[in-house]
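Heads up, the thing below is written out as structure tokens.
Number of protein chains: 2
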Amino acid sequence: MTATRRPSRPRPETLARRREILQAALEIFGQKGFNNGPLAEIADQVDMTHAGILHHFGSKDRLLVEVLRYRDESDVEGLDEQHIPGGAELFRHLVRTAFSNEARPGIVQAYAVLSAESVTEGNPGRAYFEDRYTVLRGEVADALRAMCAERGIDAPATVANASASVLAVMDGLQVQWLLDRGNVELAAASRFAIDAIVTAVLDPRPSPLGDDLP
Amino acid sequence: MTATRRPSRPRPETLARRREILQAALEIFGQKGFNNGPLAEIADQVDMTHAGILHHFGSKDRLLVEVLRYRDESDVEGLDEQHIPGGAELFRHLVRTAFSNEARPGIVQAYAVLSAESVTEGNPGRAYFEDRYTVLRGEVADALRAMCAERGIDAPATVANASASVLAVMDGLQVQWLLDRGNVELAAASRFAIDAIVTAVLDPRPSPLGDDLP
DNA sequence: AAATAGTTACTGACTGCATTGTAAGTTCTC
DNA sequence: GAGAACTTACAATGCAGTCAGTAACTATTT
Chain A
2 MTATRRPSRP
12 RPETLARRRE
22 ILQAALEIFG
32 QKGFNNGPLA
42 EIADQVDMTH
52 AGILHHFGSK
62 DRLLVEVLRY
72 RDESDVEGLD
82 EQHIPGGAEL
92 FRHLVRTAFS
102 NEARPGIVQA
112 YAVLSAESVT
122 EGNPGRAYFE
132 DRYTVLRGEV
142 ADALRAMCAE
152 RGIDAPATVA
162 NASASVLAVM
172 DGLQVQWLLD
182 RGNVELAAAS
192 RFAIDAIVTA
202 VLDPRPSPLG
212 DDLP
Chain B
2 MTATRRPSRP
12 RPETLARRRE
22 ILQAALEIFG
32 QKGFNNGPLA
42 EIADQVDMTH
52 AGILHHFGSK
62 DRLLVEVLRY
72 RDESDVEGLD
82 EQHIPGGAEL
92 FRHLVRTAFS
102 NEARPGIVQA
112 YAVLSAESVT
122 EGNPGRAYFE
132 DRYTVLRGEV
142 ADALRAMCAE
152 RGIDAPATVA
162 NASASVLAVM
172 DGLQVQWLLD
182 RGNVELAAAS
192 RFAIDAIVTA
202 VLDPRPSPLG
212 DDLP
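So the sequence lines, in the order shown, correspond to chains A and B.
Those letters in the first sequence? Residues 2 to 215, per my numbering, in order.
Those letters in the second sequence? Residues 2 to 215, per my numbering, in order.
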């Protein structure tokens with residue numbers, strides 16, 4: 002028989018401390034990428050040594066996973082709201098997010114960098130992003146179908162492609178905006194493209210490129 | 002007085018050897034990212050030591066720059082063709098590229114990973130991507146203006162946002178496709194979105210989202 | 001055409017730094 | 001006084017870049 006163990010609760014301020022670390026990690030990973038962002042630098046920002054961070058999170062890989070989860074939860078842009086906006090409202094929310102994102106390049110960059118990095122070999126964030134995009138595409142598709150229903154039309158086969166495209170423009174514009182803020186209007190362009198794509202679903206017209214493509 | 006120097010040409014096979022290295026580097030950087038892709042692994046693929054690679058390219062940073070330039074030149078997708086396609090032809094070319102890209106995930110990934118990584122602190126590829134996007138946006142904008150002219154309409158103010166958006170969807174779709182090839186149709190979605198955006202420029206309609214946004 | 005000088009294309013060994021993770025010890029708090 | 005929240009010190013890699021040396025090739029000279 003081994004002796005009984007008393008796990009002993011974490012101290013009250015620890016939760017806040019962990020959040021500080023996650024916040025700092027998000028910043029550093031955003032600025033320098035996951036592979037290129039050392040634990041020591043994150044530790045500096047919260048007045049700790051890198052060993053302290055490992056005490057809390059076990060490994061750098063697990064830290065990344067928790068950073069991504071944290072960003073999701075604490076994020077203003079949480080699309081997965083409970084009030085289930087009735088179709089168009091979701092797209093308005095996306096556009097609003099693009100506008101507010103113009104004021105926080107740090108988070109935009111973190112997202113852009115980490116999502117692209119996640120497709121590399123052995124990256125611990127991959128599962129998170131796979132899942133996230135699947136969920137988001139589903140939500141966008143639902144919103145599109147709701148808008149179709151409102152207008153009394155059958156949801157067309159283009160819904161799936163449109164959903165992926167909506168998320169894609171937003172992400173792609175972020176990269177261009179980060180590279181050249183003077184020449185890319187993140188929010189305005191997002192708005193324009195989302196309008197264009199939603200319109201093409203609700204009220205399709207013949208392609209201006211002809212139909213003789215592959 | 003210093004003695005005169007005889008620079009002596011490089012050997013005939015060296016150019017081919019350098020190309021082998023660039024090709025291997027593109028693969029490795031694509032699979033693992035620039036920061037996470039060691040020179041030794043590139044060297045292995047061409048039966049060399051990493052010192053040999055440094056002999057040819059001087060440093061890892063310079064290798065990246067040359068890899069990016071190399072990809073541009075040798076790339077089938079070279080949009081900057083000389084024949085100057087008369088508007089719609091450029092978009093058809095983009096769509097065709099998306100189709101052929103479905104057969105070469107390696108290159109797609111290299112591009113996606115390296116472009117996002119380029120926005121991180123101190124990345125040597127940044128200037129390249131800044132420039133590339135500027136050039137590409139200009140070409141797309143020209144094509145859109147040409148299409149407007151063909152139809153006898155003034156080019157609207159939306160051209161700039163549309164140009165950025167076209168490139169953005171293509172890039173964004175690539176990331177989603179790399180994460181989940183089973184559920185994202187790279188080419189079909191690109192086609193759909195490009196159609197939608199071009200149509201929105203040529204023949205704008207009222208936003209389905211209302212006009213009361215920020 | 002043979003000898004020779006200079007240069008290229010490397011290799012192998014090494015340096016030095018950066019970085020993740022671990023282990024042992026310290027203090028503070030439940 | 002036991003475990004939580006650390007720190008300091010260290011182990012263990014991994015990696016870019018340097019350097020000296022070597023073989024092979026090119027260019028020049030004889």
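The beta-carbon is built from N, C-alpha and C at its ideal position, and this holds for glycine as well.
Residues of chain A whose Cβ lies closer than 9 Å to the Cβ of B/Tyr134 are, in chain order, Val176, Gln177, Leu180, Asp181, Asn184 and Val185. Taken atom to atom, the span from the alpha-carbon of B/Ala190 to that of B/Gly107 is near 20 Å.
Rounded to whole angstroms, B/Leu168 and B/Arg12 show a C-alpha spacing of 41 Å.
With respect to the 7 Å criterion, B/Ile54 and B/Ile22 are classified as neighbours on the basis of their beta carbons. With fewer than three CB-CB distances shorter than 8 Å, the region 131 to 140 of chain B does not count as touching the region 155 to 166 of chain A.
Close to A/Ala190, with beta-carbon spacing below 7 Å, are these residues of chain B in chain order: Asn162, Ala165 and Ser166. DSSP, read as helix, strand or coil, puts B/Glu140 in helix. The Cβ of B/Ile198 sits closer than 7 Å to at least one Cβ of chain A. Here the alpha carbon of B/Thr200 sits roughly 36 Å from the alpha carbon of B/Gly34. A/Glu186 carries a coil assignment under DSSP once its states are collapsed to helix, strand and coil.
The three-state secondary structure of A/Asn37, taken from DSSP, is coil. B/Ser119 carries a coil assignment under DSSP once its states are collapsed to helix, strand and coil. Boundaries of the alpha helix (DSSP H) around B/Asp172: Val160 to Leu180. The beta-carbon of A/Asp45 is placed no less than 7 Å from the nearest beta-carbon of chain B. For a cut-off of 8 Å, the C-beta gap from B/Ala26 to B/Val68 is around 5 Å, short enough to register as a contact.
Counting only the Cα atoms, A/Thr121 lies some 24 Å from B/Asp48.
Against chain B, the CB of A/Leu91 has no partner CB under 7 Å away; the residue lies outside that interface. A/Val202 and A/Ala163 do touch by the CB rule: their CB atoms are close to 5 Å apart, below 8 Å. Annotated as proximal: A/Gln177 and B/Ala165, with beta-carbon spacing under 7 Å. Along the region 112 to 130 of chain A, going in chain order, the ones with a CB nearer than 9 Å to a CB of chain B are Ala113, Val114, Leu115, Ser116, Ala117, Glu118, Ser119, Val120, Thr121, Glu122, Gly123, Asn124, Arg127 and Phe130. Contact annotation, B/Leu180 with A/Glu131: C-beta distance approximately 5 Å; criterion of less than 8 Å satisfied. If you check the CB distance, B/Val96 and B/Arg192 come in under 7 Å. Excluding sequence positions up to five before and after B/Ala142, its CB lies within less than 7 Å of the CB of Val160, Ala161 and Ser164, all in the same chain and listed in chain order. Distance from the CA of B/Gly126 to the CA of A/Tyr129, rounded to the nearest whole angstrom, comes to 27 Å. Distance from the CA atom of B/Ile198 to the CA atom of A/Ile198, rounded to whole angstroms, is 7 Å. Using a Cβ-Cβ cut-off of 7 Å, B/Asn102 is close to nothing in chain A; its nearest Cβ partner there is about 12 Å away.
Among the residues of chain B, those whose CB is under 7 Å from the CB of A/Ser208 are Asp196, following chain order. CA-to-CA, the gap between B/Val185 and B/Gln175 works out to about 9 Å. For A/Ser101, the enclosing alpha helix (DSSP H) covers residues Ala89 to Asn102.
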